[in-house]
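Enquirer: Note that the sequence shown covers residues 246 to 478 in the working numbering.
I have a structure I would like to understand better, so I am pasting it below and will then ask my questions one at a time.
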Amino acid sequence: MPILRTEQLEKTFSGSGAEAAVAAVRGVDLAVDAGGFVAITGASGSGKSTLLHMLGGITRPTAGRVFLEDVDLAVLGDDDLAAIRRRRIGFVFQRYNLLPELSLVENVALPLALDGVAAARSDVAAREALEAVGMAHRAGHRPDELSGGEQQRGAIARALVTSPAVVLADEPTGALDSENSARVVELLRRLVAERGQTVVLVTHDPTVAAAAGRVVRMRDGRIESDTAGTVGR
Ligand SMILES: Nc1ncnc2c1ncn2[C@@H]1O[C@H](COP(=O)(O)OP(=O)(O)OP(=O)(O)O)[C@@H](O)[C@H]1O
Ligand SMILES: [Mg+2]
């Protein structure tokens, strides 16, 4: 039973003035099973980020549909879509996007705070999420006092704090050295194995892709190949 599914998904960015329109994603049918770990690879400009953003309801498709747990994201109004994004989806980006003026634990608690969860409860949940990524000991530090790898583990904790159905990660290891990259990948893999979470990760790095159970390769906005990885499902 797929937790995430697209039907003939398309995104065309309309050109302005002399610029031609760009068909970034052209008819993608993709089904991701609950508890899966899927890597999306492909050349720069092949549509990976655009696809991921549509999977997460950040970008609205030009055509086609995205179902998350059988909810059709395309028919949702902006408020409902924002609520689903906040509660059911965790995002991790290449640049960790932690707010510099907040401590790590405050950053991690933020998605809950924005959702109206009481401070004491969101603090407990944030500390648990930090524990899960091995960062509890740095809870009170500000992001600029942490290494890149530590910040990314913090960003993963923030993505996890709502216990989302799906974690979507766009080049989460892109700014990390190989050692920190391996740690982040191991962490994501553990989420899938131990918490039954579903992870879809975009990466240029073949080592990272090899850790996934399935590798989807994009080319010119389409799926060029879709193969079982070397590990897991
Ligand atoms: N907001 C936008 N407006 C116009 N064109 C865009 C926009 N966002 C992306 N594109 C174009 O859509 C195509 C796919 O972009 P996308 O960011 O999805 O590629 P990608 O596979 O993630 O590349 P990279 O590996 O470099 O991150 C590219 O040609 C890009 O220039
Ligand atoms: Mg990209």
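Where is the CB? At the ideal position from N, CA and C, for every residue including glycine.
Pull up the DSSP beta-bridge partners for Arg-250, would you.
Expert: DSSP output for Arg-250 lists Ala-276, Phe-312 as bridge partner(s).
Enquirer: Reducing DSSP to helix, strand and coil, say where Asp-317 ends up.
Expert: Correct three-state label for Asp-317: strand.
Enquirer: Write down every uninterrupted run of the alpha helix (DSSP H) in the region 414-471 whose length is 4 residues or greater and which is fully enclosed by it, in chain order.
Expert: Listed in chain order, the complete alpha helix (DSSP H) runs (minimum 4 residues) inside the region 414-471 are 423-440, 451-455.
Enquirer: Can you tell me where the alpha helix (DSSP H) with Thr-295 in it begins and where it stops?
Expert: Its alpha helix (DSSP H) spans residues 293-300.
Enquirer: Nearest to Gly-394 by alpha carbon, out of Gln-339, Ala-327, Thr-295?
Expert: That would be Gln-339, whose Cα lies nearest to the Cα of Gly-394.
Enquirer: Which residue wins for smallest C-alpha separation from Arg-435, given the options Arg-462, Met-463, Leu-405, Gly-419?
Expert: Considering only alpha carbons, the answer is Leu-405.
Enquirer: Does the distance from the CB of Thr-257 to the CB of Phe-312 come in under 9 Å?
Expert: No, Cβ-Cβ distance for Thr-257 and Phe-312 is not below 9 Å.
Enquirer: Is Asp-465 close to ligand 2? I mean its beta-carbon at under 8 Å from any heavy atom of the ligand.
Expert: The answer is no for Asp-465.
Enquirer: Tell me the rounded alpha-carbon separation between Ala-400 and Ala-308.
Expert: One C-alpha to the other measures close to 31 Å.
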